[in-house]
Structure formats: structure tokens, C-alpha cells
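Going down the list, the sequences are from chains A and B.
Position 176 of the first sequence, counting from 1, maps to 176 under my numbering, and the rest follow consecutively.
To convert a position in the second sequence, counted from 1, into my numbering, add 1000.
By construction, the Cβ of each residue, glycine as well, lies at the ideal position given by its N, Cα and C atoms.
There are 2 protein chains.
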Amino acid sequence: MESTAYRTHGCGELRPQHVGQRIKVVGWVRRVRDLGHFVFVDLRDRSGILQLYAPVQSPCYAELKALGREWVIQAEGHLRLRESPNPALPTGQVELKVEKLVVLNRSQVPPFLIEDETDGQEELRLRYRYLDLRRPIMQRRLELRAEVLHVVRSYLRSRGFLEIETPMLIRSTPEGARDFVVPSRLRPGTFYALPQSPQLLKQLLMIAGYDRYFQIARCFRDEDYRGDRQAEFTQIDCELSFVTQEEIFAIFAGLVREVYAQVLGIEIGEIPRLSYAEVMQRYGSDKPDLRYSHAWEEVTDWAQGQGVPFWAGRKVFWLWVPQGKASRKQIDRWQTIAKEQGALSLATVQKERDSISSSLSKFFSLETLSLEGEGLGLWVGLDKDKPAYAALGAVRNAVLRDLNLPPEKPWAFLWVKDFPLFEEDAEGRLQAAHHPFVLPHPEDIDKIEEAPLAVRAQAYDLVINGYEILSGSLRCHTPELQMRIFRALGFSEEAAQAKFGFLLEALSYGAPPHGGCAFGLDRWVMLLSGGQSLRDVMAFPKTTSGADLMLQAPAPLDPAQKAEVLRWISADESSAPSTFVE
Amino acid sequence: MESTAYRTHGCGELRPQHVGQRIKVVGWVRRVRDLGHFVFVDLRDRSGILQLYAPVQSPCYAELKALGREWVIQAEGHLRLRESPNPALPTGQVELKVEKLVVLNRSQVPPFLIEDETDGQEELRLRYRYLDLRRPIMQRRLELRAEVLHVVRSYLRSRGFLEIETPMLIRSTPEGARDFVVPSRLRPGTFYALPQSPQLLKQLLMIAGYDRYFQIARCFRDEDYRGDRQAEFTQIDCELSFVTQEEIFAIFAGLVREVYAQVLGIEIGEIPRLSYAEVMQRYGSDKPDLRYSHAWEEVTDWAQGQGVPFWAGRKVFWLWVPQGKASRKQIDRWQTIAKEQGALSLATVQKERDSISSSLSKFFSLETLSLEGEGLGLWVGLDKDKPAYAALGAVRNAVLRDLNLPPEKPWAFLWVKDFPLFEEDAEGRLQAAHHPFVLPHPEDIDKIEEAPLAVRAQAYDLVINGYEILSGSLRCHTPELQMRIFRALGFSEEAAQAKFGFLLEALSYGAPPHGGCAFGLDRWVMLLSGGQSLRDVMAFPKTTSGADLMLQAPAPLDPAQKAEVLRWISADESSAPSTFVE
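So, in C-alpha cells, the structure goes:
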């Protein structure tokens, strides 16, 4: 830390080399220990913790003793070597003999322990977030977050990306989730929407010739916050012109490699690639956790000869878990999960040192399986025509979790590519699997009208440890192809013009071939920092019900303001001024 | 630009050193010139412009000739030296002989010229912003903006600032302007507000021990957009703990120095400082344009002896404009302006080579003025008790503008400090001059209750060329002092708790001394880039009536969505769930 009028050093910076110097530090009182002959105070600032002390004969003794937890003080004195060093602390070899003390501010007794291991429940910590954020582990996480962004920016800049800010008050566009809307006062009856992502704006920047763009972009989704989601979140948002999918893989693998090297000191090597079809058949998931090598293998041909009645005419998949050992209860649970996810059967075989057992032993000899070593095997049967691969993923996850298997490596990266362009919703209607601007695979363009579900997209995800960390695609860059896709999605010419007219028009003025991606920054930083939740890596997160417990937001407006907002909203937009001239 | 599958070089990068190489470029057709024996095409990408050509005997001749403006093409061939170089173009010594041409996309004829000097009116250019942004001057401005942010981030990082993101969906707090509000769906009847600035959040980060924070923060104000304002704008937002005002001046002068050195190659030297009282008396403005050295001088003592009836008992100020020469019409205009701004009189003296004249010559001998050289002098009389210094500023600005005086230097920087803590609104009620969290000058704390208008604040602005580019202050860090200020502003204990309870509580848990500032990034980049308007330095700006002409936002919602929003808003918030538990 810089030497200033208030301090000469940060608390955490002092080392034996500073012994004998006159030192001034500021910080928060972590604790006060009165040993009779001496009083010791742990002082904490962002740089770390330093032990202060005063002997009983010092005038500062009483002053130090009177300090309370979390008081803000300035202490001045000489640094000396400790008689009993504390190896757990970077400053553990030294301590400051306080010769002058100034109390800069007092503190009430905090409602929970300000330590990495705290006694505060999360609701209380969110309510007093400014105290929670004092915990060193939270400071390290936010420092790591800033460091990731620094490495990301440096890398993208070095690859010719230009950082450009796009607006937050935009127009509502259908991208899956519900928009947050903002009533307009100057044009009553109309609304802005907060962006779910800068998707169309970054495409417009490519059409505008910016070639390579990035932005650390705040995005908003008004979802029902099941699980670990936040109403606002941050994307590393990127777009490139004149680019192939291969080049995108290389550039962003390079970015990931740089972040792991610079932030964690880890060399991650090459990132493997699998198609969507492959990951679904091997792992039953488009975001498999490849820290575990366990993969499903299709054994349909073999299975048809085994005389198992519930395998007849079905696809059968096999998973071998070396060393695995399951209880009856676990197997029951997995069968329930498999059925819920659409599998038609689940059977197991258990091989131990001296025995091999399976409910299928009545159909064929288990010895013919030629299993190597001990372990657990699972067979899952799927419908031949509509194989519910998701069941394979659900069972794999449940097995790995329930058997408490340790990951085979700390980090596993995977590109998943060739996603489908379309999917069917619950009512059997065609919808965009990613978003409606994705470029189809060139070999599949002819199938858009005839066999849309067979059209592969030039879309890809980067999966890290089972989390989708990046998602992206090449985009349609001609109005004709874009309109074919809108039509396949059920838009009439008029509806497409009403919703996406400005995009179709922009594509008709010389749009370059382009594509891009976005990283989910919060989730990635959570993984990188070892956090358990997105809330661990955001300064002021919201609860799953969208509340900021510290600010007490959202909040009622005062009645006059609320009446005014209601007036704007209720207005008939056709009565609004029709011109926007400056 | 990186060599990729699509291109080997950027158009603007090619130089004589590349002559003879096989080159592949992509870009937009700027124009096609058919000279009969040859066809020439100017091709444009973000890096610049390159001349392509094909001789009439080449198979590419007809293809190049058929290209339209703004078509996107890929051209491959050998580079050669031009016979007649174009010194105006960085690539003007070379041209590409096209041997292979691929049309990547066609374009409609653009509605205006895509050149620095365009024929498009602003409304049309905003409607087709993606075409407007193709103009090289716009690309240079957005590149400069990105460069400024890069230098700012590097500098702040080197000074120990941590970049931290704060939320956009916060609680409405009174900070002068009107908030944009966002209805909450999960808690009907309540609202989020978009931040006017992260002011309280950054103070909470200081209370949380983050020591030095910055953020490039999007801010929102729902104002009536008189003149050059934007509904959303970007701040370089900074806060520091354990800091003196002097240190803040040094750190941020350093940042400004770094930006000018790195971005413009200009050494700006020391930044002078004046108090608010001084700038008001010398320049009649708290943001004087010091590219002009013209300053008012108080001559009240002298004036009292001159027998001018309308000077009796008044404060009189004198401004000398060397070489200035005013018409009767101009002087009439300035008199109107002076009176509108509360001045009581304006008189002038004109000195030319052979003559000196003034309406005041009947009262005293003009020779006694001892004016050096030719020029124009102005006297403005102000009320002794309530001197309307703003009139001095308005007259100074009008004189400098009307006389078309050239600036004496391209850049002028000024710190203005010791702003008043309070001011009176139109109804004579006390209000915060900056915001209610500013720390009073230590010498003036006793006057908060007795003479609030005499209390100076530890608040400061950085003025560049007459624009307020930075504004900041030290902040109250004890709940007692903060509450005294709230009380002076007319808040009861209950009202203060209701509005700022979380801040008062946070201050009671060990808040460090802290302060900070925010730069208005858009305006600063406008100055740095020579732009005329904030819209020149934002990718997708809004009109003064808050409209995005390209996206056509704000827009009506579809009826179902609108009905839903109305339902949320109309709900009685007391019926909302009372708990926010995860």
C-alpha cells in the first residue's frame, strides 16, 4: 500500500526487513488480548493482519485495552521481531510496539464473527453485507474477481478487441426469460427493457465494422430464482467479424488458458471437443463434469442377444464405475431418477473380490461380461426412437455424487459443439435452441424447412467442471437466411418485421460474417475462487427472491411518485409525441 | 490485425514493405471508380482504407465494377507500389491487384455518405446508427474512448484501487434528479431504482474495508434532457479510505496527467487550485474556462470615489479584454444577460489607437484608468449583500464568445475546492449543495446549526476547459456528524432513519475516514476526442427526449405484459411476502 499521511504501510505488508523502522498503520481491531504484562491487538486492513502490543508500563497499554472489536484505529510505533512467531500469518514474525494511538472511529459490537469461519447465518450476513465483506475470504474473492477481469481485458486487448459500452435502457426483445421493464416518463405508455444480454447490439457493432468487440456487460433476467441465480449478472461479452468457428475456439481457449496461468498458476493444456450428439450419448448432458472420466457406452447390439425382456427393441447403455459399490437403497434411488428422466430400465451388476451379482444373472452368465477388477456396472435402457439421453446424465451425476467419488483431476474443460439449431417446447412447437440469430451448419441449411430438428447450429459451449461457462455461436449475416429461420420459428413476415425489423434492415446494409460468445463471469469466478455460491463472488448480491437485504430493495415508492409512475404506465402510447427530433 | 482464414492483413496496415506479397483483405466497399483501362475500389475496415484495382483484361475487372457501396468483400492478390501515391492515406503508396474476389455480403445503397464529412442529418444517422458508426471518425472516437479507459484502469490499478461491480437494481434514494424505477414482480407494489451513482454503495465498500475502489459505472438520471445530457451515462467512480484531500488531488491529477500523456501525448503540468469563493469572484462561475485568462477584479474601493450614481453602495467588478472591440448591439446583449443574472449595472469603456470612449466619461476622466494598449473594459455592479457572481460568469462567457476570441491555450485545468456544504433552494429551504454525505471543513463544523450557509465542504471539482469533469468530496464517517447534517437539512430522526437508516447503521460499525470522486467519462472523452456532443462518443446514444431511434425504444409492451406490469405496480405492498429468506 502507498505510504500516505495516515499510514506508512499496510498491516499485512510488514516483514522482518522492516524491524526497527518507525511504522504507522491503520485498520480495524480484530481482537484484543490482555495478558496482564502485555496487551495484544490484532489489526486488520485489506492487506492483512498485524499484531500490535504495549507493555503494561506503556501509556498506550490502557488505550489498547479499551479498544473494542472493529474499532478503526491508527497506531504508530517501532516494529520488532516476535518472541514467539506465528507461522500461520504472513506477518507472523513481527509485531508493532504501539507508541501512539489514535481512535479514528468506534464500532458497535458486530452481530457476527468477522472471520473466514463465521458464526453468522447468510441472511444476517447479507443484511450487514459491509461487515460480511470485511472477512478476509470475501476480500480475497473480490480481489480474485478483479484480477480475472484484468487478465481478460489484457488478453482481449492484445488480440485486437475493442471495449465498447452498449446501453442498458433498450427495447424489450424476446430472448427466453422475462425482461425487467422501466416505464418511460417522457413517452408515457412506453417502456424500456434492461438487457438480458447485448446480443443484438454487439451484432450491430459488427455490422458497423468494429471487427472485434468486447464488454464486461451487466445483464438482467426477471426469472423465478430457483437455485443459484441472480437477477443481475455479469457477462464477458465478445463478438468478432470475419471469423471461423475454429478461430473462435482458439482465441477463447487462449483466454481461458491465460486466466488459469495468470490467476491460479495452472497450465491447462489443450481443451478437448465433442459434438452435442457425442456428449449426450456418452454423458447424457451437454455440460458433463469431465473431472470424472466415467462415460456411457452403447451396448445395444450386445444387449439384443442376452434375452433380457425389457431390453428388446431398446437402446441399451452401459456405465462401468471402477471400485464402485452401491447399496440397494442407492440403486432404488437411481432407478427412480432414471424413470423420472424418461429411461425405460435401469439394472446393475456388482463385482467384488470374490463375487459378482446382478438381477440379470437369470438371463445370461455374468462371467461373459469380462469385467476387470472390482466395481459397479449400470445398464440403462432407452426408447429407440426418442432416446431420453438426459436420463443417462441424471444417473451418472447421481452415481458420482452418491458414491462420493473423488474427482480424478481438479479442472476439466470441454468444448461442446454442433448443438441443434431448433428444439421443441412442451407443446411441440419449434423454438430456437439458443437464440434465433444462430447460423446453421452449412451442410444442414437445406433442412431448415423440411427437417428443422435435424439442423445443426454453428453453436458451442465451453464447459468447466460441469458448468456451462461460455456459450456462443456464429450468426446469420444475410437477411434472407435470417428470415428463413424466423419463418421456421413461426413468425410471419409482418411479425418478424415488427419484432426484428431493425435487425433485418441492418443485415441488408453489408453485414460481415460474424460470431461470438459470452462467458458467465460470476459462475466462472465462483469456480476459480472456490466459492460455493454466486453470492460469494458479488459485492452486493440479491437473495433468490430478488431482494437486497442491506438496502432493503425493492421498496415501496412514496405515494406521489407511485401515482406518477401509474399515470405514465396507464397512458395510451398512441397519445405520446410521435417525433423524437432533437 | 491478426492473420486469419479470412485475411492476412488489415486494409490500413499495408505499406511498401508488403509489396510483392500475396495479400488477402476483407472489408466494405467505399467506392468504385471505373477509369476504362482500370477499375479502382477503395476498401475499408477498422484499420483503414486500401486501394484495390484490376486492369480491364483481368477476369476480376467486371466483378469489381459490379460491386456496390458498402458491399462486404474478400479480395486476394499481390500488393504493388502505386504509380501515383496518395499522401493523404497511410496506405497511399500501395495498391492491391485483385486476382480473386469473393462477395461476402451485398448492401442496399446507404441513406447517407459513410465519410467523416457526411451528408446525413443527425436524426437519420441515429436511425441507422450502425452505418453512422462505420464512419472512420466515429471509429477513432470509440477507439479513443477505449484507450482512455485502458489508461485509467492501468493507473488506478497501479495505485492500489480494486475494481468492484455494484448492483444496478438498487433502492430509490434522493440525490437530486428523478430515478428511473423498475417494478418488482416477485414483490408486487415495490420498485427497484437504477442508480444515479454508486455513491452509497462505494461508501459501504469503504466501511467494508476495501480501502481503494473504482468502477466504470453506468448511471441513470430521468431528467428533462435540456441540452447535452443523456439518460444513461458513464462515470469513473472512485473511493478511498484513510485519505486526505491533498492526497486525492495528487492521485487524480496523476490520473489526468497519465491520460493526456498516453492518449494525446501532452504533458499538462501542475493543476492550479482555487477556492469556490475565489472562482466566483474572479470568473463568476464554479467551472470557468481558463483557456482564457480574462478575470474579474473587484474595484469597489476605487469605484466609490468616481461619482457614478449606480455604483454607490455596490460591489463593482472590472474585466479588461485586450484587443477587444464591441458593437453597441453586443453591449446591449451583455447588459440584458447581466440583468437577467442579477447584476445591477453593466458599463463599458472602449480604447482604440486614438481614442477612448465610455458612457461613464461624464463622471470621471477616462485617462485616469491608465489602460495599456487597445481593448475593451467592462464594469459590472453587484448588490453588496447578495452579490450575484453568476452574472460575472455569464457576461464573461458572452464576451468571450461574442468577440470570437481564440483560446490562449488548448487545455486548461483547475481544481475548485471549498465548495459550500449547503445552499438554499428557490423557496429558501436548506439543501445539500453536493449531496448530504459530504464532510464539512473541520473549522466550520460548529456552524452547521448556527450558520449553515457559511459552512465550507471538503468538496472539490476538477474543471477542464470550462467543463466539470470530476466532482468529489470527503464524506462523513461518524453517525453523529451525519445525523447533524441530516437534521440541518430538515430530516427528523425518524425520516432520516427511514431513508438512510442502513447508512447510519453502517457508520456505527467502524467506518474509516474516506472520500472519493467521479469523473464524467462521456464528457471528458468528448473533450479529448474533439467531439461536439456526448452522442459523438457513445456507441448507441439516446436523443434529448430519451429515445433510441435505431431500436425504437422506449416502446409499448404487448397488452398482456403491460397488464401484468400494471398488476404488480398496483398491488398493495403490505400484502407482499414479508420475508426474504433464501
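{"Item": "Quick one: Cα of A:Q17 to Cα of A:P55, how far?", "Value": "23 Å"}
{"Item": "Determine, for A:F519, whether the minimum Cβ-Cβ distance to residues of chain B falls below 8 Å.", "Value": "no"}
{"Item": "Look at the Cβ atom of B:G1490, then the Cβ atom of B:L1439, and state whether they are nearer than 8 Å.", "Value": "no"}
{"Item": "Please specify which runs of the beta strand (DSSP E), each continuous and at least 3 residues long, are wholly inside the region 1427-1500 of chain B, giving them in chain order.", "Value": "1430-1432, 1459-1464, 1467-1475"}
{"Item": "Taking only beta carbons into account, state which residues of the region 484-515 of chain A come closer than 7 Å to chain B, listed in chain order.", "Value": "F502, A506, S508, Y509, G510, A511, P512, P513"}
{"Item": "Please classify B:N1404 as buried or exposed, where buried requires at least 16 other C-beta atoms within 10 Å of its C-beta.", "Value": "exposed"}
{"Item": "Report the rounded CA-to-CA distance for B:A1005 versus B:A1547, giving the unit in angstroms.", "Value": "40 Å"}
{"Item": "For A:D228, which of helix, strand or coil comes out of DSSP?", "Value": "coil"}
{"Item": "How close, in whole Å, do the beta carbons of B:P1554 and B:Q1230 come, if the pair is a contact with beta carbons under 8 Å?", "Value": "About 15 Å; that fails the 8 Å criterion."}
{"Item": "Of all the options A:P87, A:S492, A:G466, A:Q108, which has the alpha carbon lying nearest to the alpha carbon of A:S293?", "Value": "A:G466"}
{"Item": "Count the other CB atoms within 10 Å of the CB of A:V102; is the residue buried (16 or more) or exposed (fewer)?", "Value": "exposed"}
{"Item": "Can you confirm whether A:F540, when its beta carbon is compared against all beta carbons of chain B, has any partner nearer than 8 Å?", "Value": "yes"}
{"Item": "For A:V565, tell me which candidate among A:A66, A:V181, A:L474 has the shortest Cα-Cα distance.", "Value": "A:V181"}
{"Item": "May I ask you to list the residues that DSSP assigns as paired with A:S84?", "Value": "Answer is none; A:S84 lacks a bridge partner."}
{"Item": "Compute the Euclidean distance between the alpha carbons of B:S1345 and B:G1381, then round it to the nearest angstrom.", "Value": "5 Å"}
{"Item": "At least one CB of chain A closer than 8 Å to the CB of B:Q1532: is that the case?", "Value": "no"}
{"Item": "Would A:F252 count as contacting chain B if we go by Cβ distances under 8 Å?", "Value": "no"}
{"Item": "Hey, does A:A441 have any beta-carbon neighbour from chain B nearer than 8 Å?", "Value": "Residue identity differs from the one stated: residue 441 of chain A is His in this sequence, not Ala. No, its Cβ sits nowhere closer than 8 Å to a Cβ of chain B."}
{"Item": "Which term fits A:V39, buried or exposed, when burial requires 16 or more other beta carbons within 10 angstroms of its beta carbon?", "Value": "buried"}
{"Item": "For A:S184, which residues from the same chain have a beta carbon less than 8 Å from its beta carbon, with the 5 sequence-adjacent residues on both sides left out?", "Value": "T190, F191, Y192, W568"}
{"Item": "Along the chain, which unbroken stretches of the beta strand (DSSP E) at least 3 residues long are found entirely within the region 1229-1263 of chain B?", "Value": "1232-1241"}
{"Item": "What residue range is occupied by the uninterrupted beta strand (DSSP E) comprising A:N404?", "Value": "Looking at the DSSP string, A:N404 is not in any beta strand (DSSP E), and its letter there is neither H nor E."}
{"Item": "May I have the straight-line CA-CA distance separating B:F1233 from B:L1528, to the nearest angstrom?", "Value": "17 Å"}
{"Item": "Using a Cβ distance threshold of 8 Å, determine whether the region 41-48 of chain A contacts the region 1468-1486 of chain B, with at least three qualifying pairs required.", "Value": "no"}
{"Item": "Do we get a CB-CB distance below 8 Å when we pair B:A1208 with the residues of chain A?", "Value": "yes"}
{"Item": "In the DSSP assignment, find the unbroken alpha helix (DSSP H) run with B:D1034 in it and report its ends.", "Value": "From DSSP, B:D1034 is part of no alpha helix (DSSP H) but of the beta strand (DSSP E) over 1022-1034."}
{"Item": "Taking only the alpha-carbon atoms, compute the straight-line gap between A:N397 and A:P322 and give it to the nearest angstrom.", "Value": "15 Å"}
{"Item": "For B:S1607, write down the residues that DSSP places opposite it in a beta bridge.", "Value": "Residue 1607 of chain B cannot be examined here, being either before or after the span of chain B that is shown, 1001 to 1582."}
{"Item": "Note down, in chain order, each residue of its chain lying with its Cβ closer than 7 Å to the Cβ of A:L204, except the 5 sequence neighbours on either side.", "Value": "A506"}
{"Item": "Output, in sequence order along the chain, the residues in the region 97-126 of chain A whose CB is closer than 8 Å to any CB in chain B.", "Value": "L104, N105, R106, S107, Q108, P110, E122, E123"}
{"Item": "Need the endpoints of the beta strand (DSSP E) that B:C1011 sits in, please.", "Value": "B:C1011 -> no beta strand (DSSP E), and no H or E assigned at all."}
{"Item": "By alpha-carbon positions, which one of B:I1216, B:L1414, B:C1219, B:M1206 ends up nearest to B:S1275?", "Value": "B:L1414"}
{"Item": "Tell me, please, whether the CB atom of B:L1551 is closer than 8 Å to any CB atom in chain A?", "Value": "yes"}
{"Item": "Taking 8 Å as the cut-off, decide whether the C-beta atoms of B:L1504 and B:Q1235 are in contact.", "Value": "no"}
{"Item": "According to the neighbour-count rule (16 or more other Cβ atoms, all chains shown, within 10 Å of its Cβ), is B:Q1121 buried or exposed?", "Value": "exposed"}
{"Item": "Using the C-alpha atoms, what's the distance from B:L1126 back to A:E582?", "Value": "With a pLDDT of only 39 at A:E582, under 50, the local geometry of the prediction cannot be trusted, and no value is derived from it."}
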